[in-house]
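A short worksheet on the structure shown next.
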Amino acid sequence: MKEKPEYSILILGIENSGKTTFLEQLKKKSGLNHKNFNKILPTMGQNVANIPIHGDNLLECSTALDNRSNDLVLRVWDLSGQKRLRKLWSRYFDKCHAIIYILDSSLDDDTDGNMGKKIEELVAVFKTDLLAMLNTNNKNIPILILANKQDKSDIIDIVDLKLAFNNELQRMDDDFDSRILPISAITGEGIDACINWLVLRLRRNSVIRPPVY
């Protein structure tokens, strides 16, 4: 029997954005053992998990293929978002097939509820710690930006986030395939749509960045 194709996915973002909770939610949805969301600690190095994806469970699938033959595995790497460790992200770029960048879309005390200030801070970190480290060899990596913590009562409007981040992405090379989606890693809201988008891009990109068998 042919082995399922395996794609490596990086989960990036600053500390406390919800990266590990997102990974644990993926494990939960896949029926794997997962941590209690209330007991998750900051990631000091990395967390890795293999997430099985079944083609017949995707929201959208190519009608030209038998869905059951489209099963695959996502090898997901949750990397630390601590400032001193973000410089290590680029070491993983050459081997990865896609990047999930998670940001905290809630308005907290640090910004005094100032949405404009929070957006500026989020975009600045995204530019410095991710976009600035991508080179010509990495520009065909799909980037999925997830606006996390949509379960909070006071959040940044997703339209405003899309405008700010798309402005930065459009300044980069046209090779970037990106999307911004709202999610809640705690409740699972939006997770299925995000995995669906990701898998479709991985398949379309498989000639340029083939999976591992």
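6 is the number of the first residue of the sequence shown in my numbering; add one for each residue after it. Think of the CB as a built atom: it goes at the ideal place given N, C-alpha and C, for glycine as much as any other residue. The model shown is predicted, which means the values in this text are computed figures rather than measured ones.
Contact between Leu108 and Met120 is ruled out by a C-beta separation of about 13 Å, above the 8 Å threshold. Only buried fits Val204, as 16 or more other CB atoms lie within 10 angstroms of its CB. By DSSP's assignment, Pro57 forms a beta bridge with Val78. Bridge pairing for Arg184: Leu149 [DSSP]. The residue among Glu8, Gly193, Phe170, Tyr12 with its C-alpha nearest the C-alpha of Val130 is Phe170.
Around Ser22, the same chain offers Gly86, Ile107, Leu108, Asp109, Asn153 as residues with beta carbons nearer than 8 Å, after the five sequence neighbours per side are excluded.
Val128 is a Cβ neighbour of Glu173, given a cutoff of 8 Å. Where Leu15 is concerned, the enclosing beta strand (DSSP E) starts and stops at 11-17. At the C-beta level, Ile16 and Ile161 stay beyond 8 Å of one another. Listed as beta-bridge partners of Gln51 by DSSP are Leu84. His102 sits buried, since 16 or more C-beta atoms from the chains shown fall within 10 Å of its C-beta.
One thing to note: Val81 has its Cβ no nearer than 8 Å to the Cβ of Ile58. The beta carbon of Glu20 lies closer than 7 Å to those of Pro47, Gly86, Gln87 in the same chain, with the five residues before and after it left out. Annotation for Ile14: Leu79, Arg80, Val81, Trp82, Cys101, His102, Ala103, Ile104, Ile105, Leu203 place their beta carbon closer than 8 Å to its own, counting only its chain and skipping 5 residues before and after.
Scanning its chain for C-beta atoms nearer than 8 Å, with the 5 sequence neighbours on each side dropped, one finds around Asp165 the residues Met120, Ile124, in chain order. With 16 or more other CB atoms across the displayed protein chains lying within 10 angstroms of its CB, Thr25 is buried. Beta bridge pairing from DSSP links Ile105 with Ile16, Leu149.
Non-local C-beta neighbours of Glu11 in its own chain, meaning closer than 6 Å and more than five positions away in sequence, comprise Val78, Arg80, Pro216, Val217, ordered along the chain.
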